[in-house]
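Be aware that the sequence shown starts at 1, since it is given in full-length UniProt numbering, and climbs by one per residue. A quick write-up on the structure given underneath.
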Amino acid sequence: MNREPVTFTPIGVVHSNFGEPEDPKTMRNSLSTLEIDEKYREALTGIEKFRHIIVIYHIHRALGYEMMVHPMGDESMDKRGLFATRTPRRPNPIGLTVVEVLNVQEEKITVTGLDALDGSPILDIKPYEEHFDSPRGVEMEKDPHYTPKDG
């Protein structure tokens, strides 16, 4: 197994009203701005066609991890392995969230649905495409005659 370190260079930064973790539902129902580095502006061409995008970011304030955790920090629930939860405390603290695009203006994307803290480095963004990113899409792709629509 290759265990060489992997290095990423952020493509932008998250701006949100949350400097500290709060209730995930509160965070996801708030606005955030994705500020993409100006050198990647051209790479945003066409992103406005998508209602939803996937934001991949570094959970830069995560403090280590434990192998077993209570889902959503709820101690009334049995512990599970961290890979069976969405805990931010992970061996590689990478966040991945589907967000709704509200506005795209130059290199700034206003979204709702993001649970990242202010200042979180953005590693990548991708369009949410049902034929790749949903169980229904996995089923549709089994049909050799299925052709996905763009956007």
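No residue lacks a Cβ here, since even glycine has one placed at the ideal position from N, Cα and C.
Counting C-beta pairs with one atom in each stretch, the segment 28-37 and the segment 141-151 have fewer than three that are closer than 8 Å, which means they do not touch. Residue pairing by DSSP places His15 opposite Thr33 in a beta bridge.
Rounded to the nearest angstrom, the gap between the Cα atoms of Gly73 and Thr85 is 10 Å.
Linking Asp118 to His131 through their CA atoms gives a straight-line distance of about 31 Å.
In the structure shown, the three-state DSSP call for Gly81 is strand.
The count of Cβ pairs closer than 8 Å, one atom from the segment 119-127 and one from the segment 39-57, reaches three, so the stretches are in contact. Looking at the DSSP output, Lys49 sits in no beta bridge, so it has no partner there.
If you look at Pro127, you'll find it in the beta strand (DSSP E) that goes 121-127. When Arg51, Thr87, Arg3, Val14 are compared, the shortest CA-CA separation from Asp37 is found for Val14. By the criterion of a C-beta distance shorter than 6 Å, Ala62 is surrounded in its chain by Pro88, Arg89, Pro93, once the five residues flanking it on both sides are discounted. Contact between Val69 and Arg51 fails: their C-beta atoms lie close to 32 Å from each other, not under 8 Å. Judged by their CB atoms, Gly113 and Arg28 are nearer to each other than the 8 Å cut-off.
Beta-bridge analysis with DSSP links Leu102 to no other residue.
Here Gly19 is exposed: its Cβ has fewer than 16 other Cβ atoms, across all protein chains shown, within 10 Å. The Cβ atoms of His60 and Pro21 lie no closer than 8 Å to each other.
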